[in-house]
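Per numbering that gives the first Met the number 0, numbering through the sequence shown is continuous, rising by one, with the last residue being 130. Here a beta-carbon is modelled for each residue, glycine too, at the ideal position from N, C-alpha and C. Small disclaimer: the values here were computed from a predicted structure and weren't measured. Just below is one structure, and these are the notes that go with it.
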Amino acid sequence: MEAKITKRTVDQVSPGSRDVLLWDRDVKGFGIRCRPSGAKHYVLKMRVGGRQRWLTIGRHGSPWTPDTARREALRLLGLRAAGQDPATARDHRKGAITIAELGARFLSDYVPQHCKPRKADNPHCGPYVRL
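So, in structure tokens, the structure goes:
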């Protein structure tokens with residue numbers, strides 16, 4: 000469904016048995032998601048580096064209004080246009096590690112202490128974990 004997202008339209012969205020999505024007419028990819036529990040979140044769906052990303056901007060209510068969420072969506076779309084991935088930047092701020100970093104840490108810290116030497120040089124891990 001597509002409409003201009005205003006406070007009135009957000010209040011009119013009612014929960015269903017599954018997530019209900021209402022997309023904004025003005026900003027491509029910006030919308031509101033209403034969960035079956037009734038929780039309403041502003042979301043942004045965009046494509047970065049050939050991969051589809053869903054970013055949750057925030058829950059409807061203080062401090063997120065339709066206008067502030069729309070401005071944040073435009074800011075995130077501007078980062079994407081500049082060649083940055085907003086989700087990756089957010090994850091690095093949180094201190095989250097990537098799967099490659101986890102694999103490298105596993106091979107350097109866990110394997111030498113817990114695996115037999117003949118198992119430590121397992122060639123099957125190479126394609127999945129790059130050192």
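{"Asked": "Going by DSSP in three states, I31 sits in which element: helix, strand or coil?", "Found": "strand"}
{"Asked": "Do K3 and T64 count as a contact pair if the criterion is CB distance below 8 Å?", "Found": "no"}
{"Asked": "Tell me which residue opens and which closes the alpha helix (DSSP H) that I98 is part of.", "Found": "I98 to R104"}
{"Asked": "What does the Cβ neighbour count give for I96, buried or exposed, with the cut at 16 atoms within 10 Å?", "Found": "exposed"}
{"Asked": "Counting only the same chain and skipping the five closest in sequence on each side, list residues whose C-beta sits under 6 Å from that of H40.", "Found": "R32, T55 and R58"}
{"Asked": "Tell me whether D45 is buried or exposed, calling it buried when 16 or more other Cβ atoms sit within 10 Å of its Cβ.", "Found": "Looking at the sequence provided, one finds Met at residue 45 rather than Asp. With 16 or more Cβ atoms within 10 Å of its Cβ, M45 is classed as buried."}
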